[in-house]
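Just so we're aligned: 162 in the working numbering is position 161 of the sequence shown, and the numbers increase by one with no gaps anywhere. Cβ coordinates follow ideal geometry from the N, Cα and C atoms, glycine included. One structure is given below, encoded as structure tokens.
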Amino acid sequence: MISPGFALPEDSLRLPLNDEVHARPPVRLAGAQHVVYLAVRHRPDERDAHRGALVRLAQAAGASVAPGVDHAVVTLSGGLRFKWEGHAEFASYTFFAEGAGDSTPAAVLERAGWPDVAYSLPGEVLVAVSINLVPFAGDAPPADAFRTSADTVIGGAVAEGRGWAYADFRIREDGFTRFLVLNREMGLGQAGRMVQRLLEIETYRMMALLAFPVARKAAPEVGAMESELGGIVERIAGATPEDEARLLDDLTRLAARVEHLQSATRFRFEAAEAYETIVNRRLTELREVRIPGLSTIEEFLHRRLAPAMATCRSASRRIGNLAARVTRASALLRTRVDIAREQQNQKLLEAMNRRGRLQLRLQQTVEGLSVVVITYYGVSLVGVLAKAAKAAGLDGNPELVMGISVPLVAAAVYGGVHRVRRALEGGEKDAG
2 MISPGFALPE DSLRLPLNDE VHARPPVRLA GAQHVVYLAV RHRPDERDAH RGALVRLAQA
62 AGASVAPGVD HAVVTLSGGL RFKWEGHAEF ASYTFFAEGA GDSTPAAVLE RAGWPDVAYS
122 LPGEVLVAVS INLVPFAGDA PPADAFRTSA DTVIGGAVAE GRGWAYADFR IREDGFTRFL
182 VLNREMGLGQ AGRMVQRLLE IETYRMMALL AFPVARKAAP EVGAMESELG GIVERIAGAT
242 PEDEARLLDD LTRLAARVEH LQSATRFRFE AAEAYETIVN RRLTELREVR IPGLSTIEEF
302 LHRRLAPAMA TCRSASRRIG NLAARVTRAS ALLRTRVDIA REQQNQKLLE AMNRRGRLQL
362 RLQQTVEGLS VVVITYYGVS LVGVLAKAAK AAGLDGNPEL VMGISVPLVA AAVYGGVHRV
422 RRALEGGEKD AG
């Protein structure tokens with residue numbers, strides 16, 4: 002499309018790229034809210050099924066959504082709102098119930114009609130969160146504002162003191178993790194962003210931790226392969242030419258196993274790094290202020306999440322270093338094999354050269370003998386002719402004639418043999 006303003010075609014990606022900064026806006030929240038959130042992990046080919054759940058929930062409320070959307074907010078009946086977001090590995094379902102702080106998460110889901118669509122959805126619930134957003138007018142919340150049976154309560158003032166957020170990061174008997182947000186001065190948009198940040202922190206924390214069991218499972222296998230590689234490298238140092246083929250086969254099989262492990266874990270480890278980055282960014286955006294006696298959410302998660310992520314990074318580095326070491330060992334062994342092969346080829350060439358020189362000497366010897374033999378028979382023929390001429394009455398001494406003919410015949414024979422040899426050598430060069 003040509004814009005009348007700048008009279009040039011507009012790039013087809015301009016509008017979607019510009020609108021990306023406005024994608025997935027937070028839901029504006031006023032007053033008391035009970036937010037119930039589910040993150041369902043699924044395979045890439047199951048994403049359309051979760052988009053279908055959005056369509057069914059919207060249709061049940063008499064609303065519609067555009068086909069192929071990645072996010073949508075739908076107003077349901079009974080003062081409920083529903084937000085759906087599709088991601089690469091999971092789909093998130095967020096239900097907002099106004100003034101429903103005393104209701105259970107299951108009751109909110111029942112009112113939204115979630116059980117009617119959930120039974121046919123593929124995937125598993127990885128995150129389930131219940132957030133109570135409550136207006137608060139005091140200067141400081143009471144010590145028992147967040148009720149929990151856990152030994153530790155985590156929380157702090159958020160949004161630079163405009164509210165408070167509490168959690169214990171434990172899964173309750175109903176399967177949900179609880180958060181409490183007390184809103185003193187946050188506006189509608191700020192309250193919505195605060196709730197969204199808490200949901201994203203919990204979601205991406207769990208998504209990042211998916212790499213932790215992968216790292217722990219890979220550790221023994223990596224250790225075994227490191228030991229195996231060390232043994233192979235030691236064998237390479239004292240290997241004989243007969244051992245090199247077997248060593249190369251062992252290295253090839255080890256390289257295949259390392260490559261398989263790297264391929265199986267690379268995505269999970271790289272995704273964990275990306276998710277951890279999002280968690281750290283959202284924690285910073287909470288702008289927490291410490292409450293005496295409590296760990297802030299940022300401090301608590303850094304203490305718990307950082308060691309697990311360090312384990313994942315260590316496993317990823319070990320696998321990468323192992324792959325590099327296998328590559329270097331393979332290159333070293335192949336270099337040894339190539340050098341040995343070159344030495345064998347050199348010896349073969351030297352043997353061929355020796356045989357060639359021997360054949361040349363034999364050929365020269367045969368040529369010399371051939372000249373002698375042919376000269377002998379040539380001189381004999383000259384003698385026969387000389388004797389026949391004398392018998393015919395010509396003067397001359399046949400023996401003298403034979404003696405004089407010896408160098409002449411020898412020179413003629415040698416020249417003829419030499420010309421034949423040059424002709425044969427020229428033919429071989431032309432053929433080559």
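About 11 Å separates the beta carbon of Leu287 from that of Gly156, a gap too long to meet the 8 Å contact definition. When the beta-carbon positions are compared, Ala113 and Phe96 come within less than 7 Å of each other. Here Arg283 is buried, its C-beta having at least 16 other C-beta atoms within 10 Å. Assignment of beta-bridge partners to His35 by DSSP yields Ala98 and Asn133.
Closest in alpha carbon position to Leu77, among Ser93, Ala59, Pro17 and Glu86, is Ala59. Here the alpha carbon of Thr278 sits roughly 48 Å from the alpha carbon of Gly239. Straight-line measurement puts the Cα of Leu110 at about 10 Å from the Cα of Ala119. Counted as a single uninterrupted DSSP element, the stretch harbouring Ala192 is not any beta strand (DSSP E) but the alpha helix (DSSP H) occupying residues Leu189 to Leu210.
Listed as beta-bridge partners of Gly416 by DSSP are no residues whatsoever.
Taking all protein chains shown into account, Arg179 has 16 or more neighbouring C-beta atoms within 10 Å of its C-beta and is therefore buried.
At least 7 Å separates the beta-carbon of Val402 from that of Thr376. The beta carbons of Arg326 and Leu230 sit about 6 Å from each other, so the pair counts as a contact at 8 Å. Measuring C-alpha to C-alpha distances from Val154 to each of Arg48, Ile298, Arg422 and Leu349 identifies Ile298 as the nearest. Taking the C-beta atoms as reference points, Val75 is found nearer than 7 Å to Phe83. Cβ neighbours of Tyr205 within its own chain (closer than 8 Å, five residues either side excluded): Tyr276, Glu277, Ile279, Val280 and Arg283. At least 7 Å separates the beta-carbon of Phe213 from that of Ala311. DSSP places Asp46 in the helix class (H, G or I) of the three-state scheme. By the 16-neighbour rule on beta-carbons within 10 angstroms, Ala89 is exposed. When secondary structure is reduced to three states using DSSP, Pro308 falls in the helix class.
A distance below 7 Å between beta-carbons, with the five flanking residues on each side excluded, links Pro399 to the following residues of its chain, in chain order: Gly384, Ala387, Lys388 and Lys391. Taking C-alpha positions only, Pro27 is separated from Ala225 by approximately 48 Å. The continuous alpha helix (DSSP H) containing Phe268 extends over residues Pro242 to Glu286.
For Val75, no alpha helix (DSSP H) segment is defined; the enclosing uninterrupted segment is the beta strand (DSSP E) at His72 to Thr76. The C-beta distance from Val128 to Ala209 rounds to 12 Å, too long to fall under 8 Å, and the pair is not in contact. In this structure, the CA atom of Ala54 is about 50 Å from the CA atom of Ser228. Going by beta carbons, Ile237 and Leu248 fall inside the 7 Å limit. Considering only Ser406, Gly87 and Arg291, the residue with the shortest C-alpha distance to Arg163 is Arg291. Exposed is the label assigned to Asp46, since fewer than 16 other Cβ atoms lie within 10 Å of its Cβ. Annotation for Asp152: no beta strand (DSSP E) segment contains it, and DSSP assigns it neither H nor E. Judged by DSSP secondary structure, Asp169 falls within the beta strand (DSSP E) whose first and last residues are Gly164 to Ile172. The beta-carbon distance between Ala64 and Pro123, rounded to whole angstroms, is 24 Å. This is too long to meet the 8 Å contact definition. With fewer than 16 other beta carbons inside 10 angstroms of its own, Glu21 counts as exposed.
A distance of 7 Å or more separates the beta carbons of Val135 and Ala216. By the 16-neighbour rule on beta-carbons within 10 angstroms, Val196 is buried. In its chain, beyond the 5 residues on either side, no residue has a beta carbon closer than 8 Å to the beta carbon of Ser150.
Val374 and Ile340 have their C-alpha atoms roughly 50 Å apart.
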